[in-house]
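Student:
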Amino acid sequence: MIDTATTLLILDLFGIFFFAVSGCLLAARRNFDIVGSLLLGSLVGLGGGVMRDLIIDQGVPLAFTKPIYLLPPVVAALLVFLHALGVQRYRRTLLVFDAAGLALFCVTGTLTAHAAGLNPVSAALLGLTTAVGGGLLRDVVANEVPQVFNPRGVYAIPALLGAGLVSLFLSLGVFTPVLGCAVALLVFALRVLSLRYGWRIPLAGRTVSTNGD
Amino acid sequence: MIDTATTLLILDLFGIFFFAVSGCLLAARRNFDIVGSLLLGSLVGLGGGVMRDLIIDQGVPLAFTKPIYLLPPVVAALLVFLHALGVQRYRRTLLVFDAAGLALFCVTGTLTAHAAGLNPVSAALLGLTTAVGGGLLRDVVANEVPQVFNPRGVYAIPALLGAGLVSLFLSLGVFTPVLGCAVALLVFALRVLSLRYGWRIPLAGRTVSTNGD
Amino acid sequence: MIDTATTLLILDLFGIFFFAVSGCLLAARRNFDIVGSLLLGSLVGLGGGVMRDLIIDQGVPLAFTKPIYLLPPVVAALLVFLHALGVQRYRRTLLVFDAAGLALFCVTGTLTAHAAGLNPVSAALLGLTTAVGGGLLRDVVANEVPQVFNPRGVYAIPALLGAGLVSLFLSLGVFTPVLGCAVALLVFALRVLSLRYGWRIPLAGRTVSTNGD
Numbered sequence: 001m002i003d004t005a006t007t008l009l010i011l012d013l014f015g016i017f018f019f020a021v022s023g024c025l026l027a028a029r030r031n032f033d034i035v036g037s038l039l040l041g042s043l044v045g046l047g048g049g050v051m052r053d054l055i056i057d058q059g060v061p062l063a064f065t066k067p068i069y070l071l072p073p074v075v076a077a078l079l080v081f082l083h084a085l086g087v088q089r090y091r092r093t094l095l096v097f098d099a100a101g102l103a104l105f106c107v108t109g110t111l112t113a114h115a116a117g118l119n120p121v122s123a124a125l126l127g128l129t130t131a132v133g134g135g136l137l138r139d140v141v142a143n144e145v146p147q148v149f150n151p152r153g154v155y156a157i158p159a160l161l162g163a164g165l166v167s168l169f170l171s172l173g174v175f176t177p178v179l180g181c182a183v184a185l186l187v188f189a190l191r192v193l194s195l196r197y198g199w200r201i202p203l204a205g206r207t208v209s210t211n212g213d
Numbered sequence: 001m002i003d004t005a006t007t008l009l010i011l012d013l014f015g016i017f018f019f020a021v022s023g024c025l026l027a028a029r030r031n032f033d034i035v036g037s038l039l040l041g042s043l044v045g046l047g048g049g050v051m052r053d054l055i056i057d058q059g060v061p062l063a064f065t066k067p068i069y070l071l072p073p074v075v076a077a078l079l080v081f082l083h084a085l086g087v088q089r090y091r092r093t094l095l096v097f098d099a100a101g102l103a104l105f106c107v108t109g110t111l112t113a114h115a116a117g118l119n120p121v122s123a124a125l126l127g128l129t130t131a132v133g134g135g136l137l138r139d140v141v142a143n144e145v146p147q148v149f150n151p152r153g154v155y156a157i158p159a160l161l162g163a164g165l166v167s168l169f170l171s172l173g174v175f176t177p178v179l180g181c182a183v184a185l186l187v188f189a190l191r192v193l194s195l196r197y198g199w200r201i202p203l204a205g206r207t208v209s210t211n212g213d
Numbered sequence: 001m002i003d004t005a006t007t008l009l010i011l012d013l014f015g016i017f018f019f020a021v022s023g024c025l026l027a028a029r030r031n032f033d034i035v036g037s038l039l040l041g042s043l044v045g046l047g048g049g050v051m052r053d054l055i056i057d058q059g060v061p062l063a064f065t066k067p068i069y070l071l072p073p074v075v076a077a078l079l080v081f082l083h084a085l086g087v088q089r090y091r092r093t094l095l096v097f098d099a100a101g102l103a104l105f106c107v108t109g110t111l112t113a114h115a116a117g118l119n120p121v122s123a124a125l126l127g128l129t130t131a132v133g134g135g136l137l138r139d140v141v142a143n144e145v146p147q148v149f150n151p152r153g154v155y156a157i158p159a160l161l162g163a164g165l166v167s168l169f170l171s172l173g174v175f176t177p178v179l180g181c182a183v184a185l186l187v188f189a190l191r192v193l194s195l196r197y198g199w200r201i202p203l204a205g206r207t208v209s210t211n212g213d
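Chains as they are written, first to last, in full-length UniProt numbering: chain A, 1 to 213; chain B, 1 to 213; chain C, 1 to 213.
Dropping the structure here:
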C-alpha cells in the first residue's frame with residue numbers, strides 16, 4: 001500500500017509535469033528556443049512549489065534539494081520539441097495541461113501546508129497560491145495577461161474549492177490518497193467544463209472601455 | 001492606550017486595504033471578473049508584506065498565519081464590485097489609494113524590519129521594498145509598466161523619506177505611534193501633490209526615442 | 001593572498017554592478033527618471049542574489065544586511081545619468097553588461113549554494129537561477145520579453161556550463177579563485193560571441209505564427 005508521503009511526491013511530480021508542458025507549449029507558440037522552453041517549463045512547473053516552500057519556511061525548497069524534481073520539465077520540453085503530444089492547437093492543449101497542473105497542485109499544496117503546521121484556512125490559501133502561482137509566473141514572464149484574470153471560464157474558484165475540501169478532510173482526519181485524487185479530478189473537470197462552455201462570473205466592477213479613464 | 005504592536009497591526013491592515021482597493025480598481029478597469037479582482041487585490045495588498053516577511057526570515061509570513069489579513073482584500077473587492085467608492089475615474093482613484101498604501105507600508109515595513117533586528121539602513125531599505133513591492137506586483141501581473149517607473153510624479157522618494165524618518169526615530173528611541181501616523185501623512189501628501197502638480201525629477205539618461213537602438 | 005570569502009564578495013559586488021548598469025541602461029532607454037533607474041538597477045543587481053539567499057534559507061539576504069551591497073547600483077545609476085559610459089547604443093551596451101553580470105553570478109551563485117551545503121546538482125541549478133534571475137526580473141518589470149527567451153544567441157547554456165564547472169571543481173576540491181575568474185571569462189566570451197555571430201539553437205517546437213491558435 002502506498003503511503004501519504006509517496007502519494008504526495010507522485011502527485012507533485014505529475015503536477016510539475018503538467019504545468020511544465022503548459023510552459024513548453026507557450027514557449028513553442030512564442031517561438032522560443034529549446035532551452036527557453038526548458039526554462040519556462042521549469043519556472044511554471046517548479047515556481048509554485050518553490051513559492052510554497054519559501055512561505056512554509058521548512059528549509060531549502062524541494063526543487064533545489066531533490067534532483068528528481070528536475071525530471072518532469074526535461075521530459076516536458078523533450079515531448080513538446082518532438083511533437084509527441086501531436087498538438088495542432090497549442091493554446092487549447094496548453095489550457096488542458098494547465099488545468100491538470102492546477103488540479104494536482106491545489107491538493108499537494110494544501111497537503112504540504114498542513115504538514116508544515118499551518119491552520120486550515122491558511123493551508124487552503126497556500127494550496128490556492130501554489131496552484132495559481134505557477135501559471136501566473138508563466139504568463140507574467142512571457143508578457144501575457146495571466147489566465148487567472150481571463151474572465152472566460154473559472155480558474156481560481158475550482159482551485160480554492162479543491163484546496164478547501166482537502167483542508168476540511170485533513171481537519172476531520174478523513175483524508176486519504178484516493179480522496180485527494182477525487183478532489184483533483186473534480187477541480188480538473190470544473191476547470192475544463194468552464195472553458196468548454198464559457199462559464200462566466202460577474203465582472204469586478206462597471207464595464208468600462210479600457211482607453212477611458 | 002494603544003501599544004505599538006496593535007498600532008502596527010491596525011496600520012498594516014489599513015495599508016493592505018488601500019493597496020487592495022488599488023488592485024481591485026485596476027481589475028475593474030481591465031474588465032477582470034470578481035474573483036480576479038479579489039486575487040489581484042490580495043496580491044497587491046499582501047504581496048509587499050509577504051516579500052518583507054520572507055526577507056526578515058521570521059517564520060511563515062503573517063498573511064499565511066493570521067486569517068484576519070484576508071479581510072481587507074475581501075472588503076476591497078466587495079466595495080469595488082458594489083461601486084461603493086462611487087468612482088467615475090478608476091485611474092485617479094486607483095492612484096490615491098495606491099498613495100495611501102505606499103504611505104502606510106513604508107512605516108509598517110520599517111517597523112517590522114527594525115523589530116526583526118535589521119540595522120537602520122537595511123530597515124529603511126526594507127520599508128521602501130515593502131511599500132513599493134505591492135504596487136510593482138500589481139502592475140507587473142496586469143502587464144502594465146509599474147507606477148514606480150512613471151516619470152510623472154515622485155513615488156519612491158517619499159516612500160524612502162518616510163522609511164528613513166521612521167528608521168531614524170527608532171534609532172533615536174523617540175518613535176511613537178502618533179509620529180508614525182504623521183510620517184505616513186507626510187508621505188501621502190508628497191505623493192498626491194507630486195501627481196497633482198506633475199512634479200518631475202531628471203531622467204535616467206539622455207532622452208532617446210524608444211524605437212532607436 | 002586573498003581568501004575565497006573575499007574573492008566571493010568582490011566578484012559578487014562586480015556582478016551586481018554589471019547587472020545594475022544593464023538595469024539603468026534599460027531605464028534610460030525607456031525614459032524612466034533617475035530614481036526609477038536606481039530602483040531598476042537595484043532590482044536587477046540585487047534581485048538574483050536575494051532569490052538565491054531566500055532559497056538557501058541562511059537568514060536575511062545579504063543585500064538587506066550589508067549596506068555595501070547598495071553601493072554598486074548607486075554607482076551604476078550615477079554613471080548612466082552622467083553618460084560616463086559614453087553609450088551611443090543603449091541596447092548593445094546593455095547586453096554586454098548583462099553578459100558580464102551573468103558570467104559572474106553563475107560563479108558566485110554556485111559558490112554560495114555550495115557553501116550552504118546544497119548537493120552539486122542543486123548548487124549548479126541555484127547558480128543558474130541566480131545568474132538568470134536578475135535579468136529576468138529586469139525585463140519582466142519593464143514589461144519586455146526576457147532576454148533569456150530571445151532565440152538569438154545563447155544565454156542559459158553558458159551560465160549552466162559555468163555553474164556546472166564551478167560545482168564540479170568544488171566537488172573535486174580543486175576550485176580556486178583564479179579558476180572561478182577563468183570560468184566567468186569563458187561564460188562571458190560564449191555569451192558575447194553568440195550575440196556577435198547570432199548563434200541559434202533549435203526552437204521549442206514547430207514554428208507557428210503567433211496569431212494562429
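Ideal Cβ positions, reconstructed from N, Cα and C, are used throughout, including at glycine. Source: prediction; values computed, not measured.
Of all the alpha helix (DSSP H) runs that stay within the bounds of the segment 89-145 of chain C, which reach a length of 4 or more residues?
Tutor: Runs of the alpha helix (DSSP H) inside the segment 89-145 of chain C: 90-115, 120-141.
Student: Which residues, in chain order, does the segment 137-150 of chain A contribute to contact with chain C at a C-beta distance below 8 Å?
Tutor: So the list reads V140, V141, A142, N143, given in the order they occur along the chain.
Student: Report the partner residues of A:D33 according to the DSSP bridge assignment.
Tutor: Here residue 33 of chain A is taken as the residue at index 33 of the first sequence, counted from 1. DSSP lists C:L203 as partners of A:D33.
Student: Quick check: is the beta carbon of A:L54 nearer than 8 Å to any beta carbon in chain C?
Tutor: Position 54 of the first sequence, counted from the first residue, corresponds to residue 54 of chain A. Answer yes: the Cβ-Cβ gap between A:L54 and chain C drops below 8 Å somewhere.
Student: What is the rounded straight-line gap between the Cα of A:D213 and the Cα of B:R91?
Tutor: Within the first sequence, residue 213 of chain A is the residue found at index 213, counting from 1. Within the second sequence, residue 91 of chain B is the residue found at index 91, counting from 1. Below a pLDDT of 50, predicted positions are generally treated as unreliable, and A:D213, at 43, falls in that range; the measurement from the model is reported next regardless. Whole-angstrom Cα-Cα distance: 6 Å.
Student: Residues in its own chain within less than 8 Å of C:V141 by CB, not counting five upstream and five downstream?
Tutor: Counting from 1 along the third sequence, the entry for residue 141 of chain C is found at position 141. These residues qualify, in order along the chain: L40, L43.
Student: Using 10 angstroms around the beta-carbon of B:V187, count the other beta-carbons present and answer buried if the total reaches 16, otherwise exposed.
Tutor: In the second sequence, counting from the first residue as 1, residue 187 of chain B sits at position 187. Classification for B:V187: buried.
Student: Any C-beta of chain C sitting closer than 8 Å to the C-beta of A:F81?
Tutor: Against the first sequence, residue 81 of chain A aligns to sequence position 81. By this cut-off, A:F81 is an interface position.
Student: Around the C-beta of A:G198, are 16 or more other C-beta atoms found within 10 angstroms, so that it is buried, or is it exposed?
Tutor: Residue 198 of chain A sits at position 198 when you count from the first residue of the first sequence. Burial call: exposed.
Student: Determine, for A:N119, whether the minimum Cβ-Cβ distance to residues of chain C falls below 8 Å.
Tutor: Against the first sequence, residue 119 of chain A aligns to sequence position 119. No, A:N119 lies away from the interface with chain C (no Cβ there is under 8 Å from its Cβ).
Student: Exposed or buried, A:H83, counting other C-beta atoms within 10 Å across all chains shown (16 or more means buried)?
Tutor: Counted from its first residue, the first sequence places residue 83 of chain A at position 83. Exposed is the call here.
Student: What are the residues of the segment 17-39 of chain A that lie near chain C, defined by any Cβ-Cβ distance shorter than 7 Å?
Tutor: Here the close residues are C24, A27, A28, R29, R30, N31, F32, D33, I34, V35, G36, S37, L39.
Student: Can you pull the chain B residues whose beta carbon is under 8 Å from the beta carbon of C:P61, in chain order?
Tutor: Against the third sequence, residue 61 of chain C aligns to sequence position 61. Ordered by position in chain B, the residues that pass the 8 Å Cβ test against C:P61 are I55.
Student: State yes or no: is the C-beta of B:G23 within less than 8 Å of the C-beta of B:G45?
Tutor: Indexing the second sequence from 1 puts residue 23 of chain B at position 23. Indexing the second sequence from 1 puts residue 45 of chain B at position 45. Their beta carbons are under 8 Å apart, which means B:G23 touches B:G45 by this criterion.
Student: Relative to the alpha-carbon of C:V80, which residue among C:V183, C:S37, C:R200 has its alpha-carbon at the smallest distance?
Tutor: For the purposes of this step, residue 80 of chain C is taken as residue 80 along the third sequence, with counting starting at 1. When only C-alpha atoms are compared, the closest one is C:S37.
Student: Can you pull the chain B residues whose beta carbon is under 9 Å from the beta carbon of C:P67, in chain order?
Tutor: Numbered from its first residue, the third sequence carries residue 67 of chain C at position 67. Near C:P67 (Cβ distances below 9 Å), the residues of chain B are N119, V121, S122, L125.
Student: Would you say A:A159 lies against chain B (beta-carbon separation less than 8 Å)?
Tutor: Here residue 159 of chain A refers to the residue found at position 159 of the first sequence. No, A:A159 lies away from the interface with chain B (no Cβ there is under 8 Å from its Cβ).
Student: For C:F14, which residues in chain B fall below 9 Å Cβ to Cβ?
Tutor: Position 14 of the third sequence holds residue 14 of chain C. The contacting residues do not exist; C:F14 stays about 21 Å from chain B at best.
Student: Can you check which of these residues, A:G135, A:T176, A:V121, is closest to A:T4 by C-alpha distance?
Tutor: Along the first sequence, one-based indexing puts residue 4 of chain A at 4. Nearest C-alpha to A:T4: A:T176.
Student: Take the Cβ of A:P73 as the centre, count every other Cβ of all protein chains shown within 10 Å, and call the residue buried at 16 or more, exposed below.
Tutor: For this step, residue 73 of chain A is matched to residue 73 along the first sequence. A:P73 comes out buried.
Student: Which of the three DSSP states, helix, strand or coil, is assigned to B:D12?
Tutor: Working through the second sequence from its first residue, we reach residue 12 of chain B at position 12. In the structure shown, B:D12 sits in a helix (DSSP, three-state: H, G or I).
Student: Check whether chain A comes within 8 Å of B:F97, counting only Cβ atoms and requiring the distance to be less than that.
Tutor: Residue 97 of chain B sits at position 97 when you count from the first residue of the second sequence. So, not an interface residue.
Student: Sort A:V154, A:C106, A:V35 by Cα distance to A:L165 and report the nearest one.
Tutor: For the purposes of this step, residue 165 of chain A is identified with residue 165 of the first sequence, where counting begins at 1. The residue with the shortest Cα to Cα distance from A:L165 is A:C106.
Student: Counting only beta-carbon separations shorter than 8 Å, does A:F64 have a partner in chain C?
Tutor: Along the first sequence, one-based indexing puts residue 64 of chain A at 64. With 8 Å as the cut-off, A:F64 counts as an interface residue toward chain C.
Student: Beta-carbon of A:G134 versus every beta-carbon of chain B: anything under 8 Å?
Tutor: On the first sequence, position 134 is the one that residue 134 of chain A refers to. Output row for A:G134: interface = no.
Student: Leaving out the 5 sequence neighbours to the left and right, which residues in its chain are closer than 7 Å to C:V35 when beta-carbon positions are compared?
Tutor: Residue mapping note: residue 35 of chain C aligns to position 35 of the third sequence, counting from 1. Nothing meets the Cβ criterion.
Student: How about B:L203: is its C-beta nearer than 8 Å to some C-beta of chain C?
Tutor: Your numbering for residue 203 of chain B matches position 203 in the second sequence. Closer than 8 Å: yes.
Student: Measure the CB-CB distance between C:A103 and C:A163 and report whether it falls below 8 Å.
Tutor: Counted from its first residue, the third sequence places residue 103 of chain C at position 103. Counted from its first residue, the third sequence places residue 163 of chain C at position 163. The answer is no: Cβ separation not under 8 Å.
Student: If you reduce the DSSP assignment to three classes, tell me which class B:Q147 lands in.
Tutor: By 1-based counting over the second sequence, the position of residue 147 of chain B is 147. Helix at B:Q147.
Student: Using a Cβ cut-off of 7 Å, pull out every chain B residue sitting near A:A156, in sequence order please.
Tutor: Looking up residue 156 of chain A in the first sequence gives position 156. Those are V35, L39, listed as they occur along chain B.
Student: Taking only beta-carbon atoms, is C:R200 less than 8 Å away from chain A?
Tutor: In the third sequence, the residue the question calls residue 200 of chain C occupies position 200. With 8 Å as the cut-off, C:R200 counts as an interface residue toward chain A.
Student: Between the C-alpha atoms of A:V60 and B:R89, what's the straight-line distance to the nearest angstrom?
Tutor: The residue given as residue 60 of chain A occupies position 60 in the first sequence. The residue given as residue 89 of chain B occupies position 89 in the second sequence. So the two alpha carbons sit approximately 45 Å from each other.
Student: Taking DSSP as the reference, what is the three-state secondary structure of A:L85?
Tutor: Position 85 of the first sequence, counted from the first residue, corresponds to residue 85 of chain A. Note: A:L85 maps to coil in three-state DSSP.
Student: Would you report the Cα separation of C:F169 and C:L125, rounded to the nearest angstrom?
Tutor: Locating residue 169 of chain C in the third sequence gives position 169, counting from the first residue. Locating residue 125 of chain C in the third sequence gives position 125, counting from the first residue. So the alpha carbons of these two residues sit roughly 15 Å apart.
Student: Should A:R52 be labelled buried (16 or more other beta-carbon atoms within 10 Å of its own) or exposed?
Tutor: Locating residue 52 of chain A in the first sequence gives position 52, counting from the first residue. It is buried - the Cβ of A:R52 has at least 16 other Cβ atoms within 10 Å.
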